[in-house]
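Protein chains in written order, with the working numbering: chain A, 1 to 276; chain B, 1001 to 1311.
Think of the CB as a built atom: it goes at the ideal place given N, C-alpha and C, for glycine as much as any other residue.
Keep in mind the model is a prediction, meaning the values are calculated, not measured.
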Ligand SMILES: Nc1ncnc2c1ncn2[C@@H]1O[C@H](COP(=O)(O)OP(=O)(O)OP(=O)(O)O)[C@@H](O)[C@H]1O
Ligand SMILES: [Mg+2]
């Protein structure tokens, strides 16, 4: 019996497998992206490249000149893996805040999905998968451009890709959980100003966190971005700017913990918001 | 007599609470296979809250609800696989094209790509949207969007179609086009459950309906039965050139069965409207206009609740 016979005749229907459910939701997001990517692709690729040019090459010339680089290596090689990780936070932010509130409140896309056999869990999983796709594309594009500028000193840097995607997910799922509790701009403004921006500046992306005042360092250690930055750096040429305080797997575990905790929380906040 | 097998949907003591507020207050109803069942009620009556529970998208706060003999609390996905649902507010994706909206939606029900495309073509034809298939949804008229929502809700060949205010906000012509489509669906064997606050819509479409007010069902029956039970055969409408229609109510009291005072007119309920009209004139009362018409569900609602349906 084919799916056709099973699912479009009156009477009980064959249930969908988990894979079918997640791919159906992801398919929707892919269809939307196929219509809208032109509007966002340039900014998405350009912003990390601008950071690389201004910091890595502009500021980097000064750092290398005056201080002989960082640990004797060129500043560009220090900052590029950091930007790779940091970019995923931007992608996570742009895909998980207003966009998601739109599906909740404005175009009611989630409501449409939940009127079908799909459940909150499927709707989330499918959307997370689609955003994983965005993270892969954005990270790969930047890594290609960065390597054209000599941004990596080792081929092992290709391993930045999965690490960066995990870093992005460590932001995506908690931001989803937060978004489902929001009504409008206010919460997003606070999140952006007080979390996203400071994280970008103080998570070791542009300078090692041991340059920070002592009390700020533990703050960096509990935020996901520092772990992402350190892990990306670790795989691209064996940098350990933290002096090896945390082993590589430790970084990955922290990132995975953020992603999983965010996911569980998101299931709760979404259920409360959408199935009331 | 229809057997128990014929009952697709059964609610008893069905209740919806939002915090302390009771939006649906213990309603009982049954919907049989192939009929068109309606909820008629004013804003805030609890129609959408009821429909959302029936559509298995909003959990039941109390009482019992069964669709296809299944419990939404445990079998939501299996039930929703067999339902079509048009919520009060369209949930189309306006950035996608008309046909993309259908393709994407069919996949949520586990239909293959090929099947989805075939169904979409049929449904666009049914919804008279074939010419707009490749256009974006956003610029379509309200009536077209509503028809697209209905087409989309049919992608899985549902056994029950839920329509929450299918024609609110549409112009009369668009409403008639939509009614015609709904008649066809019913003829093809789809069970319809709809809400409306238009009495003409309820009269046109519903085999049976319940009148809802403040979360409760205040009457139930076919449109004809409801009118016979709760109103007179005819109504005499009188308009005067003053604001205070209550003053004139005294002058005509005792004529017909009952007199109802509205802000802009008096309604005299009578079995013979012409005779009531003659009686009014015989008392020397001179309205600006007087009109005899048949009773409608609006009159039923007015009798039961003392208020009009559309305010
Ligand atoms: N999510 C919610 N939270 C709190 N109150 C709600 C919620 N949804 C509905 N209500 C309240 O429940 C009552 C019934 O609302 P409902 O939408 O079911 O009415 P309705 O009959 O569909 O009205 P309308 O004709 O305006 O669509 C209203 O007073 C409404 O404010
Ligand atoms: Mg409503």
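In whole angstroms, what is the alpha-carbon distance linking residue i and residue j?
| i | j | result |
| --- | --- | --- |
| residue 1051 of chain B | residue 256 of chain A | 40 Å |
| residue 1055 of chain B | residue 1010 of chain B | 13 Å |
| residue 16 of chain A | residue 1215 of chain B | 36 Å |
| residue 1104 of chain B | residue 28 of chain A | 6 Å |
| residue 4 of chain A | residue 1118 of chain B | Reliability of the predicted coordinates at residue 4 of chain A is poor, the pLDDT of 45 falling under 50, and the value obtained from them is presented with this limitation in mind. If I take the Cα positions, the gap works out to 11 Å. |
| residue 126 of chain A | residue 22 of chain A | 4 Å |
| residue 212 of chain A | residue 195 of chain A | 17 Å |
| residue 61 of chain A | residue 207 of chain A | 14 Å |
| residue 1030 of chain B | residue 1058 of chain B | 19 Å |
| residue 53 of chain A | residue 80 of chain A | 10 Å |
| residue 30 of chain A | residue 97 of chain A | 18 Å |
| residue 1256 of chain B | residue 1268 of chain B | 6 Å |
| residue 1183 of chain B | residue 1152 of chain B | 17 Å |
| residue 1075 of chain B | residue 12 of chain A | 11 Å |
| residue 104 of chain A | residue 1264 of chain B | 42 Å |
| residue 274 of chain A | residue 124 of chain A | 12 Å |
| residue 1291 of chain B | residue 1043 of chain B | 28 Å |
| residue 73 of chain A | residue 152 of chain A | 11 Å |
| residue 1165 of chain B | residue 38 of chain A | 37 Å |
| residue 1354 of chain B | residue 1138 of chain B | For chain B, the structure presents residues 1001 to 1311; residue 1354 of chain B sits outside this window and is missing. |
| residue 1113 of chain B | residue 1123 of chain B | 15 Å |
| residue 8 of chain A | residue 1223 of chain B | 33 Å |
| residue 166 of chain A | residue 1121 of chain B | 41 Å |
| residue 197 of chain A | residue 247 of chain A | 26 Å |
| residue 1245 of chain B | residue 1199 of chain B | 24 Å |
| residue 168 of chain A | residue 1158 of chain B | 40 Å |
| residue 271 of chain A | residue 43 of chain A | 33 Å |
| residue 101 of chain A | residue 178 of chain A | 10 Å |
| residue 1193 of chain B | residue 1187 of chain B | 14 Å |
| residue 1111 of chain B | residue 24 of chain A | 10 Å |
| residue 1259 of chain B | residue 1266 of chain B | 7 Å |
| residue 1273 of chain B | residue 1303 of chain B | 17 Å |
| residue 209 of chain A | residue 228 of chain A | 13 Å |
| residue 231 of chain A | residue 99 of chain A | 29 Å |
| residue 1046 of chain B | residue 1012 of chain B | 15 Å |
| residue 1173 of chain B | residue 1163 of chain B | 19 Å |
| residue 1099 of chain B | residue 1106 of chain B | 11 Å |
| residue 1066 of chain B | residue 218 of chain A | 55 Å |
| residue 1068 of chain B | residue 130 of chain A | 35 Å |
| residue 18 of chain A | residue 120 of chain A | 13 Å |
| residue 251 of chain A | residue 1155 of chain B | 47 Å |
| residue 1020 of chain B | residue 1306 of chain B | 26 Å |
| residue 1096 of chain B | residue 1131 of chain B | 16 Å |
| residue 59 of chain A | residue 87 of chain A | 19 Å |
Since residue i and residue j should fall inside the 8 Å C-beta cutoff, what is the C-beta to C-beta distance between them, to a whole number of angstroms?
| i | j | result |
| --- | --- | --- |
| residue 1092 of chain B | residue 1148 of chain B | 6 Å |
| residue 1063 of chain B | residue 1014 of chain B | 4 Å |
| residue 1239 of chain B | residue 1289 of chain B | 5 Å |
| residue 1251 of chain B | residue 1275 of chain B | Actually they are not in contact, since the Cβ atoms of residue 1251 of chain B and residue 1275 of chain B sit about 17 Å apart, beyond 8 Å. |
| residue 182 of chain A | residue 176 of chain A | That belief does not hold up - the Cβ atoms of residue 182 of chain A and residue 176 of chain A are roughly 11 Å apart, past 8 Å. |
| residue 1297 of chain B | residue 1227 of chain B | 7 Å |
| residue 1295 of chain B | residue 1234 of chain B | 7 Å |
| residue 1073 of chain B | residue 1060 of chain B | 7 Å |
- Can you check the segment 1218-1293 of chain B for any beta strand (DSSP E) of at least 3 residues that lies completely inside it and give the ranges in chain order? Taking 3 residues as the shortest admissible run, the segment 1218-1293 of chain B contains the following complete beta strand (DSSP E) segments, listed from N- to C-terminal end: 1234-1239, 1258-1261, 1266-1270.
- Query: Going along the chain, which residues put their C-beta within less than 5 Å of some heavy atom in ligand 1?
  - Reply: This criterion selects B:1018, B:1023, B:1043, B:1044, B:1045, B:1046, B:1047, B:1048, B:1049.
- Query: Is the segment 153-164 of chain A close to the segment 132-139 of chain A, with three or more CB pairs under 8 Å?
  - Reply: The answer is yes - the segment 132-139 of chain A touches the segment 153-164 of chain A, with three or more Cβ pairs under 8 Å.
- Assess, as a yes-or-no matter, whether the segment 1209-1223 of chain B is touched by the segment 1036-1049 of chain B under the definition of 3 or more beta carbon pairs within less than 8 Å. Taking 8 Å as the limit for Cβ pairs, the verdict is that the segment 1209-1223 of chain B does touch the segment 1036-1049 of chain B.
- Item | Start-end ranges of the beta strand (DSSP E) lying completely within the segment 1048-1105 of chain B, minimum 3 residues | List check, beta strand (DSSP E) in window: 1062-1067, 1083-1086.
- In chain order, which continuous runs of the alpha helix (DSSP H) of length 4 or greater are located wholly inside the segment 1126-1171 of chain B? Counting whole runs of 4 or more residues, the segment 1126-1171 of chain B contains the alpha helix (DSSP H) stretches 1142-1153.
- Message: Restricting to runs no shorter than 4 residues, where is the alpha helix (DSSP H) found entirely within the segment 13-94 of chain A?
- Response: Counting only runs of 4 or more, we get 18-51, 60-67.
- Query: Any contact of the segment 108-116 of chain A with the segment 260-267 of chain A, i.e. 3+ C-beta pairs under 8 Å?
  - Reply: No, because fewer than three Cβ pairs between the segment 108-116 of chain A and the segment 260-267 of chain A fall closer than 8 Å, the two stretches do not touch.
- Three-pair Cβ contact test at 8 Å for the segment 1161-1173 of chain B versus the segment 1140-1147 of chain B: Yes, they touch.
- Task: Entirely within the segment 1188-1213 of chain B and at least 3 residues each: give me those beta strand (DSSP E) ranges in chain order.
- Result: Segments of the beta strand (DSSP E) lying fully in the segment 1188-1213 of chain B: 1191-1196, 1208-1213.
- Task: Decide if the segment 62-74 of chain A is in contact with the segment 41-53 of chain A; the criterion is three or more beta carbon pairs, one per stretch, under 8 Å apart.
- Result: Not touching, per the Cβ criterion.
- Message: If we require 4 or more residues per run, which alpha helix (DSSP H) segments fall completely within the segment 105-150 of chain A?
- Response: Counting only runs of 4 or more, we get 109-114, 120-148.
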